[in-house]
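In my numbering, the protein residues as written are 1 to 154. Cβ atoms here follow ideal geometry from the backbone N, Cα and C, with glycine treated the same way. None of these values were measured; they are calculated from a predicted model. Only one structure is covered here, and it is reproduced in the block below.
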Amino acid sequence: MVALPRHRRRSLQLLAAALALGIQALPLRAQAQGAVAYPSPETLRDVQLAALACARENTSDTCSQARKLADPLMDHPRLPGGCKDTLWAIIQTSTPASSNTLARRDAIGDPAGRLLLVCRSSEKPVTGKTETAKPQKEPSFFERFFGRGGGDKN
């Protein structure tokens, strides 16, 4: 076995401890992510409307409101990367300008328009019905007249 310098051994020990803690914390982190609720469509709609108001009105109040609503969603653990890219575009472009040009409005309005589509939850909604009702099969001509009790017996 090769003798390592003291500082090298210490850094390897710290690395091994960090890896062990990271591997043990992985299931806890996965459970914590599962417990966080996906943002509601109303929350995403509020961000969208605030961004569109910023694009339309070009005031510091409306633009700061759009950034303020979008910013906490950037740290949300369940949002996909495409959604966060769209939110980032809203945060970066939602600033008042000296003139409200069409290019500025489009730069804010395009990501705002895509927000609800990109950030849609991929989970299926839970319904109260567990089993769908199967439609009754209409008996064939043979079954109606010659058997299995489905037809007229005159």
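Practice problem: Could you name the residues of the same chain whose beta carbon sits closer than 6 Å to that of A53, not counting the 5 residues immediately before and after it, in chain order? | Solution: On the sequence shown, residue 53 is found 53 positions in, with the first residue counted as 1. Contacts found: T62.
Quiz prompt | First through last residue of the alpha helix (DSSP H) which encompasses E57 | solution = Taking the sequence shown and counting its residues from 1, the one referred to as residue 57 is at position 57. P41 to E57 is the span of the alpha helix (DSSP H), which, as asked, contains E57.
Quiz item: For the alpha helix (DSSP H) that contains P111, what are its first and last residues?
Solution: Mapped onto the sequence shown, residue 111 falls at position 111. Segment L102 to V118, the alpha helix (DSSP H) holding P111.
Quiz item: From S64 to Q13, what distance separates their C-alpha atoms?
Solution: One-based indexing of the sequence shown puts residue 64 at position 64. One-based indexing of the sequence shown puts residue 13 at position 13. Near 47 Å, if we compare the C-alpha coordinates of Q13 and S64.
Practice problem: Report yes if the CB atom of R181 is closer than 7 Å to the CB atom of A112, and no otherwise. | Solution: In the structure as shown, the chain begins at 1 and stops at 154. Residue 181 is therefore absent and cannot be evaluated.
Practice problem: Return yes when the Cβ of Q48 is within less than 7 Å of the Cβ of L115, no when it is not. | Solution: Stepping through the sequence shown from its first residue, residue 115 is reached at position 115. Stepping through the sequence shown from its first residue, residue 48 is reached at position 48. Their beta carbons are under 7 Å apart, which means L115 touches Q48 by this criterion.
Quiz item: Helix or strand or just coil, what does DSSP make of G147?
Solution: As a working mapping, residue 147 is identified with position 147 in the sequence shown. Collapsing the DSSP output to three states places G147 in coil.
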